[in-house]
Structure formats: structure tokens, C-alpha cells
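A short worksheet on the structure shown next.
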Amino acid sequence: MTHHLILPLLIPLFTGILCLLAGDRRWLARSIALLGSTVGLGYAGFLLWTVWSRGLQVTALGSWPPPYGIVLVADLFSALMLAISALMGWVVLWFTFATLDPIRERVGFHALYQFLMVGVNGAFLAGDVFNLYVWFEVMLIASFGLMTLGGERGQLEGGLKYVVINLVSSTILIIAIGLLYGTFGTLNLADLVRLMSETQPPALLSALAMLFLTTFGIKAAVFPLFFWLPASYHTPPVAVTALFGGLLTKVGVYALYRVFTLLFVNQPVYIHDMLLLVAALTMSVGVLGAIAQNNVRRILSFHIISQIGYMIMGLGLFTVAGLAGGVFYVVHHIIVKTALLIIGGGVEHLNGTGQLHELGGQLRQRPVLAMLFLLAALSLAGVPPLSGFFSKLSLLTAAVAERQYAIAIISLLVSLLTLYSMTKIWNEVFWKAAPGSGAVPMPVGSEWGIVLPATILVTLSVLLGLAAGYGLDLSTTAATQLLDANTYLTAVPLP
Amino acid sequence: MENVIAVVIGVLFASGVYMILRRSIVKLLLGLMMLSHGANLLLFSMSGLRRGAPPLLGDRTARPMADPLPEALILTAIVIGFGITAFTLVLAFRVDQAVNGDNLDDMGSTDR
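Residue numbers (this note's numbering), protein chains in the order written: chain A, -19 to 475; chain B, 150 to 261.
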């Protein structure tokens, strides 16, 4: 039993409170936020190393023994997600400094940013279903604030859709939790695993599984529950989109992985086929939606949906190789998608528009940014030797090994369409001549605040591709832990 | 007693969904509140409704024990719901100011 697992919650919480206290002093709020994020990143790295070398870490809060008290559990998947989200929080912070307007920074942006990280970290660590709900709510409330902070018309319209659909999803989650408690009398994940293995599956089990699939499906934006995402993600400031696009839907994916590897395993029997169907539809509808769009951030938003399909595919295959591919894909996706949103959002910020027909000539104007975009886009499409290639390859080999040829073929076709859609952004934004008079619009800030975080992320994607063996080792271990519920059960000391 | 609560939950959900499908923001928010009340009541009734039973673990008499956990859970859920309701009311006010009206059909300017 360790006690330091509470730190991923406390560090951003106190950083956020201090940011609030900094008030009007922008440089102070910035330094506090940067310091807090750096410490958080350091801890997340330490935790990843601890879990990798010593196995699962468990903290029972207030020393109340599980299943009565609240437990925080970090297995390798949680630790990996914690580390990668802490890294994104740190990197996007630099992007925030470069692009966010001073008014938003003064009215509590940094505090909300840190509170969002509290929620995200809490969701990754939660050892019981009700806490998962609570941390989701913390994350959501902070994200509501970030989404609507500034109060422009577009933000409010997008924010309203985002808020309403997420509230409906939270209501469904409460219903699911209520029924789960009524059926089993406990909400502790380890206790639920034990009870489910000991008792006959109750009649409500399919309904429960579908409720969890729906609520986390809305949060992860899977087909047909994704419509809130492209309606809202392009409306807030570019830094907020970069943060949301990398992190938020992936918390939903994490919850799906958690619930469908621990609780609903082959019960109901059709669940994995259903997940594969959902995955196929999500990836193809997402990419087709992206092709039809004409705004940089909307195209990238639809690609988030498409990529969620690949992660669900890993879960639907439900083998060590499939889950390992899925975990690897999540990590790769968070890095590359954040990079793309930083570059795309940066271009939008520098030119004052995200419409493809109003942009152009960026390759000549900003060659570094263009090269970074090209690398990130190729990685997203899955071109070797970048990280996207190896994550897709491992998912494909897992699908072929399971004789799921349909999903394998669909995922290949979707990759091709992803490449097409990325080429569209490349042609319109970077390659073609600047439209109209060709007058260079006044940049609203330095380009280096965009290049620096993007370079870090693209380098990471390249490194993850070059060191794919180590990445796969890590994700395979994470997948083995996910598949073997006993690892989880023995780590949490039940009476 | 459970049957009455079940009917109440059903009515809350039905009217909540109906209100969400209306076109005005205020009705949408009222619908959301009803849905969350319905969900809270459902959570509340999950351990069975008992009258006069103590919620204490130490009391090991023959009387049935009332389960305090769902009550703790809905307390949390109610507090969260309260905060979110406050937020959505302010949001509705600001949207009303920005869009100049509370017709949800007028809120598609970002979807084009």
C-alpha cells in the first residue's frame, strides 16, 4: 500500500487554487501553472516507472479498507495515461502562453486548466465506479468553464451543445451506477470483479453493459453518439481545442477499456462483436465527415472521432495483441492529435481564420510549421517509420490473427482516407498560393510559441516510431494486466 | 412504497425527455433537471426503502439495517447537480443575450 497516489490529484488542485490567488498578475499565474505542471509531469514519470518495475500501486484513502473506503488504483494502463496526459498538459501550457488572449488568462483560465487535470487524473486512478463518475464531473465542469470562457457567440452555441449532451450522459451514468449498486451491493471495482466471478450473471447484466457503453460512448464520441464533438470543438480558443482534443475523449476510451475488461467480459456474449461494429462505423463515419469539412479544426475534430474507432477496435478484438495495439494507439493518438491541433490551431491563430479557402501560402511563409504538420499528418495516416504506422500495424496483425478480416480491411481503407483528408489540409493551407492579393496578414504573436510545443510532440511521435519495440513491450504488459482481472483483484486487498 | 417511487421516477424521466426535445433553452434545462432528479431517486431507491431501521453497522439486532451508502451517493450527485444547474442557468442567460432569443434552432451558426 502506497500513499503517494493522491499526488496526481493534489498537485493540480493546489496549483489551480494558487493560480486563482494570483488574480490579475499574469506572469505569476503562468509561473505557478508551469511549475505545477512540471512537478505533476515529474511525478507521473516516477509513477510510470514505479508501476512498470514494481506492479500495481494502490492507495486506500483515509486507510479505510476496500471495499468500504475509496481506493485509488494505478495499473500500467492508468500510469501510462497519467504520464501522457501530464505531458500534454505541460506541452499545451506553452501553446497557451503563446496564443491565449490576456483577458481570458486573467479571469481564471489557468485555474480551470489545472482543475481539468485534477478530473482527468482522478478518472485514471479511480478504483470504484462512483468515483469514476465524480472525477468525470470534475473534469466536465472544468471543461464547461474552459469551453465557454470568453463568452463569444460561437463559444456559447458550441458550449451549450457540449454541456447538454454531457449532462445527459452523466445522468445515464448515474442510472447505470444505481442499477449496478442495486444488483451487486457494491461499487468497488475489485469487489465487483470478485462478485461477478462468484455469482451467476444477473438478468440485468446486458442492460447494465449497454448503459455503460452508452454513457462512456457519448464521452468517448463513438458512432452514433459523437455529434456533440464536431459541433463544439472548433468554437473555443485554439489552446483549449488542443487540450480537449488530446485528452477528453480519451478519458471516455479509458473508462470503456476499464469497464469492459474488468466487469463485462463476454457477458453479454455479443459485446465484443458489438464493439467491433461500433469501431468500424466510428472510424469510417468519422473520416467521411472529415472529408466533407472545410475548416481546419473541424476536419481535425472529425479525425478524433475516426481515431476513436481504432481504439475501440483494440477493445473489441479482446486479445492481448489487440488491447496492446489499442493502448499503443491511444498513446500515439494523444501525442499526434495534440500536435496537429497545435499546428492547425496555430495557423488559425496566426492568420485569424481556419477556413481552408481563406488560407494558403503557409509553406513559403512558415516552412518550419509546415514541415512539422507534414510529419504529424503522415504519422496520423500511418506512414512508416512514424508512431502511427506501428500502432496501426499492431492492431491489424491482431485483427488478422483473430480472423476479423472485415475490420482489418475497413481500418486500412480508413487510413487511406485519412491520408487523403490530411493531403487536403496540406494542399489548401500550406501548398497552394495565398488567396486574394497575397497580402501577409499581421501575425498576432510569435510563431515560436507554436513551433516549440509542436516540435516536442512531433519528435516524440518520431521517437515512438523508432523505438516502437519498447512501446509495444510497455503496451503489451499493460494489456496483459488489463486482460487478467486477477492482477487487479490481488492488488486491491479485500477482506 | 417502491412502486410509488418507481412511478415517480418514470414520470420524471418521461417529462424530462419531453422537455429536452422542446425548442426553448429554458425548457431544455428544466428537462435536464427532471432527468437528474429521476436518476437521483433511482439511485436512492436502489437499496430498498426501509422505515425506522438504523443505518449503523454496530447495531446487530434482528431489525433490518438501512443502507446509508446510496444516500451518501445521491448527496454527492445532488451537490454536483446543483453546481451544474447553476452553471447551465448562467450559460442559458448568456446564450440568450448572445443569440437574442431562446430558440434552439437559431444556434446553428457554428455548424456551417
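Ideal Cβ positions, reconstructed from N, Cα and C, are used throughout, including at glycine.
Below 6 Å CB to CB, which residues in the same chain sit around residue i once its five sequence neighbours on both sides are set aside?
{"i": "Gly305/A", "result": "Gly294, Ser374, Leu375, Ala378"}
{"i": "Leu(-7)/A", "result": "Val98"}
{"i": "Ser196/B", "result": "Asp216, Pro219"}
{"i": "Gly130/A", "result": "Arg84"}
{"i": "Val348/A", "result": "Val431"}
{"i": "Gly180/B", "result": "Gly165, Met168, Ile169"}
When the Cα of residue i is compared with those of the options, which residue comes out closest?
{"i": "Ala465/A", "options": "Phe244/A, Trp208/A, Thr215/A, Leu73/A", "result": "Phe244/A"}
{"i": "Phe124/A", "options": "Asp255/B, Leu238/B, Val228/B", "result": "Leu238/B"}
{"i": "Leu462/A", "options": "Ala200/A, Ile155/A, Ala183/A, Val53/A", "result": "Val53/A"}
{"i": "Leu161/B", "options": "Thr151/A, Thr195/A, Val173/A, Tyr234/A", "result": "Thr151/A"}
{"i": "Lys372/A", "options": "Glu427/A, Val311/A, Tyr93/A, Leu(-15)/A", "result": "Val311/A"}
{"i": "Ile(-9)/A", "options": "Pro45/A, Asp4/A, Gly131/A, Gly22/A", "result": "Gly22/A"}
{"i": "Ala259/A", "options": "Gln247/A, Ile288/A, Ile284/A", "result": "Ile288/A"}
{"i": "Arg34/A", "options": "Ala40/A, Asp55/A, Tyr48/A, Asp81/A", "result": "Asp55/A"}
{"i": "Ala301/A", "options": "Ser359/A, Asp453/A, Pro475/A", "result": "Asp453/A"}
{"i": "Val31/A", "options": "Leu112/A, Leu80/A, Val100/A, Ser455/A", "result": "Ser455/A"}
{"i": "Leu15/A", "options": "Leu(-11)/A, Leu73/A, Tyr48/A", "result": "Leu73/A"}
{"i": "Leu224/B", "options": "Arg172/B, Leu192/B, Gly165/B", "result": "Leu192/B"}
{"i": "Gln342/A", "options": "Phe410/A, Asn331/A, Val348/A", "result": "Phe410/A"}
{"i": "Ile12/A", "options": "Lys404/A, Val148/A, Ala189/A, Ala91/A", "result": "Ala91/A"}
{"i": "His313/A", "options": "Leu227/A, Pro248/A, Gly69/A", "result": "Leu227/A"}
{"i": "Met68/A", "options": "Leu440/A, Ala447/A, Glu427/A", "result": "Leu440/A"}
{"i": "Glu117/A", "options": "Asp253/A, Ser149/A, Arg133/A", "result": "Ser149/A"}
CA-CA distance, residue i and residue j?
{"i": "Leu167/A", "j": "Tyr161/A", "result": "6 Å"}
{"i": "Thr470/A", "j": "Gly197/A", "result": "29 Å"}
{"i": "Arg10/A", "j": "Leu120/A", "result": "23 Å"}
{"i": "Ile154/B", "j": "Ser194/B", "result": "7 Å"}
{"i": "Val363/A", "j": "Leu255/A", "result": "26 Å"}
{"i": "Val19/A", "j": "Ser43/A", "result": "26 Å"}
{"i": "Ser212/A", "j": "Ile174/B", "result": "17 Å"}
{"i": "Gly159/B", "j": "Gly187/B", "result": "8 Å"}
{"i": "Gly158/A", "j": "Tyr237/A", "result": "21 Å"}
{"i": "Trp115/A", "j": "Asn249/B", "result": "35 Å"}
{"i": "Thr259/B", "j": "Thr234/B", "result": "24 Å"}
{"i": "Val144/A", "j": "Ser65/A", "result": "25 Å"}
{"i": "Met61/A", "j": "Ile251/A", "result": "25 Å"}
{"i": "Gly(-4)/A", "j": "Gly230/B", "result": "22 Å"}
{"i": "Thr241/A", "j": "Ala187/A", "result": "17 Å"}
{"i": "Ala272/A", "j": "Trp406/A", "result": "15 Å"}
{"i": "Pro181/A", "j": "Glu328/A", "result": "53 Å"}
{"i": "Ala270/A", "j": "Glu338/A", "result": "18 Å"}
{"i": "Gly139/A", "j": "Leu191/A", "result": "25 Å"}
{"i": "Gly232/B", "j": "Met351/A", "result": "45 Å"}
{"i": "Val267/A", "j": "Leu136/A", "result": "26 Å"}
{"i": "Ile227/B", "j": "Asn189/B", "result": "7 Å"}
{"i": "Asn246/A", "j": "Pro216/A", "result": "40 Å"}
When burial is assigned at 16 or more other CB atoms within 10 Å of the CB, is residue i buried or exposed?
{"i": "Ile387/A", "result": "buried"}
{"i": "Gln24/A", "result": "One detail in the question is off: residue 24/A reads as Ala in this sequence, not Gln. Buried: at least 16 other Cβ atoms inside 10 Å."}
{"i": "Asn252/B", "result": "exposed"}
{"i": "Asp171/A", "result": "buried"}
{"i": "Ala235/A", "result": "buried"}
{"i": "Ser281/A", "result": "buried"}
{"i": "Asp108/A", "result": "buried"}
{"i": "Met176/A", "result": "buried"}
{"i": "Glu151/B", "result": "exposed"}
{"i": "Gln37/A", "result": "buried"}
{"i": "Ala163/B", "result": "exposed"}
{"i": "Arg383/A", "result": "exposed"}
{"i": "Thr398/A", "result": "buried"}
{"i": "Pro47/A", "result": "buried"}
{"i": "Gln94/A", "result": "buried"}
Might you give, ordered along the chain, the residues of its own chain that have their beta carbon closer than 7 Å to the beta carbon of residue i, omitting 5 neighbours on each side?
{"i": "Phe75/A", "result": "Ala219, Ala222, Ile322, Gly429, Ile430, Pro433"}
{"i": "Lys141/A", "result": "Trp208, Ala211, Ser212"}
{"i": "Phe104/A", "result": "Ser58, Met61, Leu62, Tyr234"}
{"i": "Leu96/A", "result": "Met119, Ala122, Ser123, Leu126"}
{"i": "Ala156/A", "result": "Leu188, Leu191, Phe192, Thr195"}
Within the same chain, show all residues whose beta-carbon is closer than 8 Å to that of residue i, passing over the 5 residues directly before and after it, in chain order.
{"i": "Arg277/A", "result": "Tyr213, His214, Val218, Thr221, Leu321, Gly324, Gly325, Glu328, Gly334"}
{"i": "Asp4/A", "result": "Arg86"}
{"i": "Tyr468/A", "result": "Leu36, Val53, Asp55, Leu169, Ala170, Val173, Leu242, Gln461"}
{"i": "Leu222/B", "result": "Leu192"}
Mind listing which residues of the stretch 195 to 217 of chain A have their C-beta closer than 9 Å to chain B's C-betas, in chain order?
-> Pro210, Ala211, Ser212, His214, Thr215
What residues in the stretch 120 to 146 of chain A bring their beta carbon closer than 7 Å to a beta carbon of chain B?
-> Ile121, Phe124, Thr128, Gly131, Arg133, Gly134, Leu136, Glu137, Gly138, Gly139, Leu140, Val143, Val144
Contact residues within the stretch 0 to 24 of chain A, judged by C-beta distance below 7 Å to chain B = none
Determine which residues of the stretch 160 to 171 of chain A have a Cβ less than 7 Å from any Cβ of chain B, and write them out in chain order.
-> Tyr161, Gly162
Taking any Cβ of chain B, which residues in the stretch 105 to 120 of chain A have a Cβ under 7 Å from it, in chain order?
-> Phe110, Val114, Glu117
Residues, ordered as in the chain, of the stretch 224 to 239 of chain B that lie near chain A by beta-carbon distance below 8 Å = Thr225, Ala226, Ile229, Gly232, Ile233, Phe236, Thr237
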